[in-house]
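Residue numbers (our numbering): 4 to 84.
All C-beta atoms, glycine included, are put in the ideal place defined by N, C-alpha and C.
Heads up, the thing below is written out as structure tokens.
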């Protein structure tokens, strides 16, 4: 019986990591698209994978980092919107 609880605990830990990682990615995407990090954080926490997919589909605002620098920022580039 102890082994069953140990396996369940490891799976729960991995699922928690996935849940938090999706919140971080959705927050980063929403901030780059010009909507602020709070909107993405809420979507990532409430919708997990779907929140990340939603922020990939949402159009970027004019003048946002997504529009100016592109989807991925260059390394060491300090210029921004």
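- prompt: Among 21, 11 and 59, which one has its Cα closest to the Cα of residue 37?
  reply: When the alpha-carbon of residue 37 is set against those of 21, 11 and 59, the nearest one is in 59.
field: Boundaries of the alpha helix (DSSP H) in which residue 53 is found, first to last residue
entry: Residue range 52–60 is occupied by the alpha helix (DSSP H) that includes residue 53.
- prompt: Among 13, 79, 50 and 69, which has the Cα closest to the Cα of residue 31?
  reply: The shortest C-alpha separation from residue 31 is found at 69.
query: Does DSSP put residue 67 in a helix, a strand or coil?
result: Of the three classes helix, strand and coil, the one that applies to residue 67 here is coil, per DSSP.
field: CB of residue 47 within 9 angstroms of CB of residue 34, strictly
entry: No; because the gap between Cβ atoms is not below 9 angstroms, this pair is not in contact.
6 angstroms Cβ shell around residue 26 - same chain, five flanking residues per side excluded: Non-local C-beta neighbours of residue 26 in its own chain, meaning closer than 6 angstroms and more than five positions away in sequence, comprise 44, 47 and 48, ordered along the chain.
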